[in-house]
Structure formats: structure tokens, C-alpha cells
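Below is one structure, written out as C-alpha cells; comments come after it.
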Amino acid sequence: MAQSVVVQVGQCGNQVGCRFWDLALREHAAVNKNGIYDEALSSFFRNVDTRSDGDGPGIYKGKICSLKARALLIDMEEGVVNEILQGPLRDVFDSKQLITDVSGSGNNWAVGHKLYGYQYRENIVEKLRKTAEHCDCLQCFFIIHSMGGGTGSGLGTFVLNVLEDEFPEVYRFVTSVYPSGEDDVITSPYNSVLAMKELNEHADCVLPIENESLFDIVNKIHQMISSGKLGSTVKQNSLVTSSAGSARTVQEKPFDAMNNIVANLLLNLTSSARFEGSLNMDLNEISMNLVPFPRLHYLVSSLTPLYTLADVNVPSRRLDQMFSDAFSRDHQLIQADPKHSLYLACALLVRGNVQVSDLRRNIERLKPSLHFVSWNQEGWKTGLCSVPPVGHSHSLLALANNTCVKPTFTALKDRFMKLYKKKAHLHHYLHIDGMEQSCFSEAISSLSDLIEEYNELDATKGGPRTDPSRLQIAL
């Protein structure tokens, strides 16, 4: 089984990453009752013999000694990383796999990318190589970062460039948390657009997530529970926002529920890499099957169910509802409506007690209401993992390469231009070595080109379906 490495950058990246590792350990503990270091664990964890500081017994050869996450933690402030190292998960992270500073990036992409990037490049490369050396078959890097701040957007995309230079054959999946229009960081549109140019050019797949959507989902669940609409029928620990049963002992913070949603997205995305299934999907298959054009690699994600009702049986009606919900606005992790936009391709990653026949039935049921590009009418990719998330009997992650992502980018461009037309706050960026005004013009040009590519696809929606011309064979 192949291994993956998680690189979590900045405050948001490290907080989401911490939730991912916590929930991943719970999932493996629920399945691995005998404490054996197996293939499932090896995909994201090393087994370290603490006495020799070397790797302990290999796969199927012995008990778990001390699990260490295949992770690199980077932040230009110490607060969040120190909190992790003093918390319940402190033993999961290798102290040699941390890169921190004390000054922070001041919500400035240029400081993160140009200043800290070049200052820490050798250190980053060295620690990435060390992590890679512990893998038998390194398949994928996952970067978790935010787009609005300075470290996540700037240093996060610098790390992405380093990964492409140093490990060109290894897939690069990026989970990017986009700020809302009401973000309190006034320069977040600059940071986001500058970062997007790097994502356009250097990522294999990007999973964009909007804070606004996470907030809406958290509120929706809270309202349903407090209104009594769900009553006492909600299964304990089944909320997609819940930390219940996790390693957390301190009082939860407002963003924890939102971070748990992103962590659950990553758990479902990596489930086939960590567990067995009747129709397992390799991580590289996502990029191969869902990204027909190099720059159009933004995949809109949705998670269902948001909670599980307490009755044990899963009637087909509720299962069908799970599939329907995956295509509704309320379950998307960005502000988007995929059903009324154009699909280039779509993946359904199902976990738990679901049959292939259930998958096929629901695809056939939903197909007529979805608009696919004429040249990829059968653009579905499916995966079935037998191990459900903790607290659930089944779950579904939908990944859509869909033009519905365009409004998010258009709104970001508008916010950028409001600042840029006035040259507001540019001096904070331009005094950093290597940062020029052309960086801004190139970044907005890259974003505009991306939006135009989506516009061109949208223009084909509703056009006549044409079969590709076939070679004429003379008989």
C-alpha cells in the first residue's frame, strides 16, 4: 500500500490538520482492535521504536510501538504548533518535523512566499526528504492551508512549488480554505489571488472550501438540533461537526466545528488509501479521471450525511436521500449550486454498508437532472470503502469538477480589483525583496484567464450533443 504525507501550513492548516489526525486515529482504533501495525496504518503513520528512534516492526510484523504522523507542520508563529505539542496529540508528531518562527507573516503573501519561503527553503526541502525517505511508495502530498492570511497563502504555495521541483512525480492535492467576503483581514483578496496563480500552475487537484459555507453548515445543524426537528434520534457522535470522543480535553473553540467538517472531507478522500473496499479508488485516479484540462483542477466537494439518525437499519430511501443531498446547495463546501451548472466529471466516494448496485441505481436516477459536457456524458468515477466513519453506518463524499466554482473566483476577483484600482496597501507588499507590481498584474491575469475558461465551457451548456466523429473504414 502506498503512503501519503500531509503538509499543514499556517494557523488554519495546522488546526485543520490536527483535527484530521485526531479523527484518523479514532477511525483506525475502531477497526484495528489488536494494536497491530498494518497496511492501513502505514498509509499515513510510521511505527517508531522510541528506544532507538528508528522505525519499529514493519507491516504485519509486530505491535504498534509509537505511531508518528507522516506530516510536516509549518507556521511562522509558534502559538498553534505549541498548543498541538502540549495537547493530547503531542506524541503523534515528530518534533523534528516542525518548522516555526516567532514573527508571523503579518497577513502578507509576500512575506510568507518571498521572505520566509527563501529563508526556509533548505530546511523545508530537508524535512520533506526525510519524510519521503520513511515511505516505501510515496504517492501523494496533501497541503492544508488558508488563502486569506500570509503564512498559509504565501508559504503554503511556496511549499507547493518546492514539492513540484523536488518530487515532480508525486501527486499534489491542496485543500485551500478561502476567506468570506466579510473577512476581517483587509488584504485577504490580494493574498488569495496571488496564491491562486500558484495553485493554477503547480497543483494537481485543489479542493476549495469557503469559510462561509462551513459556517452555514454548522448553523444549519445547530438550528435543526435546537429546534427539536431531529429530536433525540440523532446518533451520538455522528455529527460531521463533532469532536465527541476525540482526544480534545479543552473547551472547544468556535472554529473547531468548521475544522471538523474539513477534517471529515480529508478522511473520506483518503479512506480508500487507508482501508479495504469492494471498489477502492486510488488517489491518483481522482486526478486522472476528474481533471481533463490542467488548469481546471478545482474540485467542488460535498459531504453527506451531516448526521446519522439512531435507528440501525438503512432503508434504501434514506440511502437515496444521501446521494440526492450530495448534489444540493446546502451540502457544498463552497457557495455553489452544481445541479444548475456544467459538470466536466464527478466522483462519488462512498463508505460503509453500501452496495455497488446502490451506487449504480442512484447515478442512473440522478443523471437526467445533471448537465455534463457533451464530450464526457459518462464522466463518473466511483469508489466504495467498506469502513464507515466513526458514528456513521455510511457516508458519501462527492467531488465535482463543475463550472459552479466560477462565482467564487469572480467574487474574489471583484474584491481584489476594489483594492487594486486604488493601489491600496500595495506598499506593504512591494517593500519585500523580490516582490514587484508585476506579481499582482500576473496574478489577476491568471485568475481572469481561469474564469474565461469556465465561461467558454458554460457557453456550451445546452448545446446539441454531438458524438465524436468516427474513423470511416472501407469494406
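Add 476 to the 1-based position in the sequence shown for my numbering, that's all there is to it. Beta carbons are placed, not taken as given, at the ideal position from N, Cα and C, and that holds for glycine.
Let me make sure I understand the geometry here. Which of the options has the alpha-carbon closest to that of residue i?
| i | options | result |
| --- | --- | --- |
| T858 | H698, Q479, T936, L755 | L755 |
| L923 | R495, L670, C494, A547 | L670 |
| I955 | V556, I685, L604 | As shown, the chain starts at 477 and ends at 951. That puts residue 955 outside it, with no answer to give. |
| T663 | V556, M893, V866, I620 | M893 |
| S952 | E752, G753, L742 | With the chain represented from 477 up to 951, any question about residue 952 goes unanswered, as that position is not in the structure. |
| P814 | I839, L782, R841, K882 | K882 |
| E553 | E752, K898, N852, G489 | G489 |
| A679 | F617, G624, L846 | F617 |
| R805 | V776, D890, N523 | V776 |
| S763 | H907, E854, Q615 | Q615 |
| E932 | T780, V635, L818 | L818 |
Could you tell me if residue i is buried or exposed, where buried requires 16 or more neighbouring beta carbons within 10 angstroms of its beta carbon?
| i | result |
| --- | --- |
| R836 | exposed |
| Y594 | exposed |
| Q573 | buried |
| V830 | buried |
| H773 | buried |
| F885 | buried |
| R941 | Because R941 sits at a pLDDT of 47, beneath the cut-off of 50, its placement in the model cannot be relied upon, and the following sentence gives the value as read from the coordinates. Exposed is the call here. |
| F473 | Nothing about residue 473 can be read from this structure; the chain reaches only from 477 to 951. |
| R566 | exposed |
| P864 | buried |
| C613 | exposed |
| A505 | exposed |
| V578 | exposed |
| D925 | exposed |
| S869 | buried |
| N695 | exposed |
| N599 | exposed |
| G910 | exposed |
| Q491 | buried |
Pick helix, strand or coil for residue i, following the three-state DSSP scheme.
| i | result |
| --- | --- |
| T886 | helix |
| N676 | helix |
| L548 | strand |
| H698 | helix |
| P770 | coil |
| P814 | helix |
| K539 | strand |
| N931 | helix |
| N583 | coil |
| Q808 | strand |
| V601 | helix |
| L574 | strand |
| E686 | strand |
| N878 | strand |
| H907 | coil |
| A823 | strand |
| T936 | coil |
| F803 | coil |
| S519 | coil |
| S871 | strand |
| Y513 | coil |
| Y783 | coil |
Q) Counting only runs that start and end within the segment 729-760, where is the beta strand (DSSP E) found for 3 or more residues in a row? A) Secondary structure in the segment 729-760: no beta strand (DSSP E) run of 3 residues or longer lies completely within the stretch.
Which residue spans inside the segment 612-650 form an unbroken alpha helix (DSSP H) run of at least 4? Listed in chain order, the complete alpha helix (DSSP H) runs (minimum 4 residues) inside the segment 612-650 are 632-642.
(Q) Going residue by residue through the segment 825-867, where are the continuous alpha helix (DSSP H) segments of at least 4 residues, counting only ones entirely within it? (A) You should have 832-842.
Check: Do the segment 477-486 and the segment 627-643 meet, that is, are 3 or more Cβ pairs less than 8 Å apart?
Finding: Yes, the segment 477-486 touches the segment 627-643.
* Asked: Do three or more CB pairs link the segment 844-862 to the segment 821-828 at distances below 8 Å?
  -> Segments in contact, yes.
Open item on the list: Is it the case that the segment 899-915 contacts the segment 649-657, given that we only count it when at least three CB pairs across the two stretches are under 8 Å?
Closed with: A contact between stretches requires three or more CB pairs, one per stretch, nearer than 8 Å, and the segment 649-657 fails this requirement with the segment 899-915.
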